[in-house]
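Residue numbers (our numbering): 33 to 676.
Right under this line is the structure:
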């Protein structure tokens with residue numbers, strides 16, 4: 033689970049795009065000031081450029097693009113930072129309006145590059161399981177009675193402080209009492225936990241789900257879980273210590289430690305066995321099965337590495353976590369363990385690196401956006417194959433550890449393009465779990481109002497930007513070169529024309545008095561609180577409101593409310609939005625009590641031929657000062673006194 037960081041080299045390549053009708057001009061300056069023609073911008077296929085970023089002369093290697101931007105010609109930039117994930121790449125992009133006569137070069141169409149077919153590595157020809165460790169026996173065992181053996185106990189060590197993993201003092205020794213055995217699974221409970229009926233019932237439930245429902249399908253999906261202790265058992269430890277990891281700063285539902293699969297490593301760094309660590313506070317229903325699927329997949333992945341396979345190193349964390357989330361969705365789990373992570377990635381994709389070798393040492397162990405990115409990327413990679421098993425094993429073989437690998441760059445490019453295109457049409461699932469499937473948030477850059485835009489992107493992450501203008505014109509975009517060790521990868525897309533030019537605003541409306549025993553903590557019971565959502569302009573026919581969501585996904589807080597907007601039914605009950613005027617404003621029944629996390633509002637508009645448009649805005653927090661709440665009513669500020 034915790035892999036040491038290893039530096040990588042960056043070698044950049046130019047990928048050739050598809051030829052169609054020419055719509056813009058793309059070039060960059062080389063170190064010798066020679067103008068080079070790059071890919072072309074077609075209406076259906078992306079154009080990609082990579083700046084060299086290795087010149088010491090000012091202005092050399094800046095990325096320069098001449099683009100036509102207007103009301104019917106928005107341009108989307110997908111700006112990726114080619115840098116290690118621990119770095120943040122920053123620059124200021126700039127535009128200047130030019131005449132049509134100043135447009136440089138109209139390149140001839142370049143030959144179309146056919147994408148390589150996916151390489152499927154068969155488990156029979158490439159993956160050969162070593163005899164190291166003992167298989168968990170028959171994947172379809174006969175039913176076993178529950179066995180209670182409280183006298184049988186063993187010691188476990190887990191890392192619980194904020195100190196480095198190499199520090200012995202950072203580990204807590206835990207005594208676990210064997211609670212239940214079921215087939216190939218044994219469940220231990222922390223000796224310090226009170227023996228309640230609920231804990232005992234949960235231990236039995238976990239043993240049965242793992243033994244009967246998860247291990248059989250996981251073996252056929254990815255491979256067996258191997259017990260390096262030689263006892264042929266998958267061990268589970270239930271302990272409340274998972275609620276106070278990193279010195280009490282972090283709580284998790286479960287984890288698997290890769291060092292446990294190294295039998296030659298001493299305590300406390302290895303507990304020498306196939307072990308799942310679970311919190312005593314666990315979800316119910318399908319959420320429990322999803323969690324167990326996730327952690328058991330980690331155990332299977334570490335088992336492959338423990339088998340000393342010639343081509344299977346210990347996987348990097350981003351692949352490990354992405355595959356575990358992928359197994360949740362492929363093997364019967366629900367969305368509860370990944371939907372909020374995808375939503376977090378969608379909110380700020382530029383802050384969520386994809387390729388993170390070691391989440392713990394990168395201080396991204398609980399970075400949900402990174403996990404959402406890895407799941408979406410691997411899901412896109414695997415969905416094109418009819419057989420998931422060889423694809424997943426192929427992922428473990430390839431590793432994608434070098435940023436200069438042409439195949440990886442193409443895979444990542446195709447993925448971010450598919451993310452952008454998912455926002456164009458309604459042929460994608462409406463929801464992913466509890467959250468609307470909005471796709472990534474685009475930052476809107478009106479090039480006639482602002483001539484610069486701040487780029488700030490984490491290494492291997494992508495910033496999504498849409499260039500707009502109220503009038504049609506030619507604009508020269510310049511993205512400065514980055515440092516010697518980092519570069520930009522820019523993909524240019526032209527979305528379908530006809531998107532309505534509207535923006536969304538949100539404000540709080542408070543009617544009545546607010547009662548509270550404490551001035552700083554307002555409550556909404558005695559008054560009417562609504563979030564007013566308004567469009568800046570009426571929607572042109574046949575565009576209409578489609579979906580609306582208010583979300584907060586930061587840290588461990590995940591809040592979501594979403595509605596399917598139906599103009600004929602809005603406001604029929606207290607949980608539905610209320611129309612304030614036809615087609616322009618909605619009032620949402622939301623509590624305005626301040627949160628520790630920022631809320632965002634997402635609005636989807638539906639247009640002709642399945643077109644969609646997503647509009648994002650941040651939800652302001654009500655100002656609370658001196659026992660007063662500053663709110664708005666019909667755009668006029670007013671104050672509501674707090675009763676004491």
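For every residue, glycine included, the Cβ atom is placed at its ideal position computed from N, Cα and C. Quantities reported herein were computed from a predicted structural model and do not represent experimental measurements.
Straight-line gap, residue i to residue j (C-alpha atoms, nearest Å)
i, j, result
"residue 257", "residue 217", "11 Å"
"residue 330", "residue 208", "22 Å"
"residue 354", "residue 365", "15 Å"
"residue 509", "residue 520", "14 Å"
"residue 631", "residue 259", "45 Å"
"residue 479", "residue 463", "33 Å"
"residue 579", "residue 637", "7 Å"
"residue 100", "residue 504", "7 Å"
"residue 61", "residue 286", "Residue placement at residue 61 is poorly supported in this model, since its pLDDT is 34, which falls under 50; the coordinates still yield a value, given next. Spanning the two alpha carbons is a distance of roughly 51 Å."
"residue 583", "residue 446", "28 Å"
"residue 252", "residue 391", "28 Å"
"residue 338", "residue 294", "7 Å"
"residue 212", "residue 205", "21 Å"
"residue 598", "residue 377", "28 Å"
"residue 261", "residue 297", "12 Å"
"residue 119", "residue 490", "6 Å"
"residue 619", "residue 362", "39 Å"
"residue 215", "residue 306", "15 Å"
"residue 129", "residue 511", "15 Å"
"residue 135", "residue 106", "18 Å"
"residue 184", "residue 242", "21 Å"
"residue 195", "residue 529", "54 Å"
"residue 482", "residue 565", "26 Å"
"residue 497", "residue 121", "16 Å"
"residue 678", "residue 458", "Limits of the chain in this structure are 33 at one end and 676 at the other, which puts residue 678 out of reach."
"residue 250", "residue 317", "19 Å"
"residue 274", "residue 335", "23 Å"
"residue 380", "residue 404", "11 Å"
"residue 415", "residue 131", "45 Å"
"residue 517", "residue 117", "12 Å"
Contact under 8 Å by Cβ, residue i with residue j
i, j, result
"residue 325", "residue 359", "yes"
"residue 634", "residue 611", "no"
"residue 522", "residue 569", "no"
"residue 108", "residue 527", "yes"
"residue 562", "residue 614", "no"
"residue 645", "residue 513", "no"
"residue 369", "residue 322", "yes"
"residue 125", "residue 650", "no"
"residue 382", "residue 486", "no"
"residue 349", "residue 389", "yes"
"residue 102", "residue 501", "yes"
"residue 465", "residue 371", "yes"
Reference residue i; option with closest CA among the options
i, options, result
"residue 223", "196, 199, 270 and 262", "270"
"residue 571", "101, 594 and 639", "639"
"residue 455", "210, 642 and 198", "642"
"residue 352", "387, 394 and 229", "387"
"residue 451", "130, 368, 373 and 469", "469"
"residue 300", "197, 96 and 410", "197"
"residue 98", "499, 536 and 586", "499"
"residue 95", "202, 541, 105 and 111", "111"
"residue 236", "593, 628 and 320", "320"
"residue 210", "227, 201 and 200", "227"
"residue 725", "192, 241 and 250", "Any answer about residue 725 is impossible in this case: the structure gives the chain only from 33 up to 676."
"residue 187", "203, 194 and 195", "203"
"residue 591", "575, 567 and 623", "623"
"residue 123", "477, 488 and 248", "488"
"residue 536", "616, 414, 459 and 442", "616"
"residue 525", "453, 461, 246 and 310", "453"
"residue 127", "507, 238 and 239", "507"
"residue 540", "652, 442 and 628", "652"
"residue 113", "229, 276 and 448", "448"
"residue 460", "412, 444 and 495", "412"
"residue 588", "402, 315, 284 and 117", "284"
"residue 401", "104, 246, 384 and 409", "384"
Nearest-angstrom beta carbon gap, residue j and residue i [assumed within contact, 8 Å]
i, j, result
"residue 267", "residue 220", "7 Å"
"residue 189", "residue 303", "6 Å"
"residue 374", "residue 467", "7 Å"
"residue 475", "residue 407", "About 23 Å separates the two Cβ atoms, so there is no contact after all."
"residue 608", "residue 595", "7 Å"
Problem - Every unbroken alpha helix (DSSP H) within the segment 296-352, with a cutoff of 4 residues, ordered by chain - result: 318-338
Handout entry: Minimum length 4: unbroken alpha helix (DSSP H) runs contained in the segment 373-416
Key = 400-414
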